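Under this note's numbering, the residues of the sequence shown are numbered 5 to 232, in order.
Positions of the beta carbon are idealized from the N, C-alpha and C atoms, including for glycine.
Only a predicted model underlies this, so the values are computations on that prediction, with no experimental measurement involved.
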Amino acid sequence: MIPEASLLAAHDLRKTYGSTPALDGASFSVHPGEVVAVMGPSGSGKSTLLHCLAGIITPDSGTITYAGRELSAMPDAERSALRRSDFGFVFQFGQLVPELTCLENVALPLRLDGVKRKAAERTAREWMERLEVDGLGAQRPGEVSGGQGQRVAVARALAGSPKVIFADEPTGALDSLNGERVMELLTQAARTTNAAVVLVTHEARVAAYSDRDVTVRDGRARDLEHSA
Ligand SMILES: Nc1ncnc2c1ncn2[C@@H]1O[C@H](COP(=O)(O)OP(=O)(O)OP(=O)(O)O)[C@@H](O)[C@H]1O
Ligand SMILES: [Mg+2]
5 MIPEASLLAA
15 HDLRKTYGST
25 PALDGASFSV
35 HPGEVVAVMG
45 PSGSGKSTLL
55 HCLAGIITPD
65 SGTITYAGRE
75 LSAMPDAERS
85 ALRRSDFGFV
95 FQFGQLVPEL
105 TCLENVALPL
115 RLDGVKRKAA
125 ERTAREWMER
135 LEVDGLGAQR
145 PGEVSGGQGQ
155 RVAVARALAG
165 SPKVIFADEP
175 TGALDSLNGE
185 RVMELLTQAA
195 RTTNAAVVLV
205 THEARVAAYS
215 DRDVTVRDGR
225 ARDLEHSA
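As structure tokens, this is what we get:
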């Protein structure tokens, strides 16, 4: 409807694995500062959609536009650089690097993006404080609880000041109390920084933190309507 205002938009994505159509004409868009929940049954194509939007996998056809530029038209190196500078990721099991301390994990995306250690760790510390895990800087991921680890993962996703945060079942491994706290802190941080959030979940109580829900069914997400 108002594609000019979208930060990230996908049109008619198709992706097939062998004979399995994972995406079958999916469209999607998100604005800066907007939290969109992507819902739908298991196997419907939610993760595939998220991976396409994030430039991690390439759809067989369809277009993805980020800040006015077509993702698939970019050279691989440029797309990877964009992922590092503009996108943040949170997955179901945090996927922290086990050999690094929590502080080093949060600082890692900044380090990979060329920020000097001291500055990266200063920013990392600020985000750990906001996510209420500032006491865990020296621990390794194996030494913290699931909820704490997920908050460290959210701090890591936010530390690079991403324009878009991709979260695939970020609370899937947590009990409801921890899950809600993670969602509260994640959406609050996104609103403060005006980041867009693409949140895959099948839990209604997680989707309750979104501004808008999009349902994926059989690889189709029809969503160019904006309620606001
Ligand atoms: N790498 C792959 N190789 C083969 N098939 C795949 C691959 N990734 C996904 N698929 C298939 O594509 C379809 C969509 O998968 P996808 O992971 O996107 O679903 P989902 O909605 O995220 O499911 P869940 O809620 O269980 O995570 C499924 O039928 C799945 O089996
Ligand atoms: Mg999935």
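Checklist entry - For Pro113, which residues from the same chain have a beta carbon less than 7 Å from its beta carbon, with the 5 sequence-adjacent residues on both sides left out? => result Arg88, Arg160, Ala163 and Gly164
Checklist entry - Are the beta-carbon atoms belonging to Asn198 and Gly37 less than 7 Å from one another? => result yes
Item to check | Best match in Met43, Leu100 and Gly29 for proximity to Glu147 [C-alpha to C-alpha] | outcome: Leu100
Checklist entry - For Lys50, which residues does DSSP report across the bridge? => result DSSP lists no partner for Lys50.
Next on the checklist: Which complete beta strand (DSSP E) runs does the stretch 128-177 hold, if anything under 3 residues is left out?
Outcome noted: 168-172
Next on the checklist: Between Thr24, Met43 and Arg155, which has its C-alpha nearest Ala211's C-alpha?
Outcome noted: Met43
Checklist entry - Would Val119 pass as a contact of Val158 if the rule is Cβ separation under 7 Å? => result no
Item to check | Glu74, DSSP secondary structure in three states | outcome: strand
Next on the checklist: On the DSSP letters alone, give me the boundaries of the alpha helix (DSSP H) that Val110 sits inside.
Outcome noted: Cys106 to Leu116
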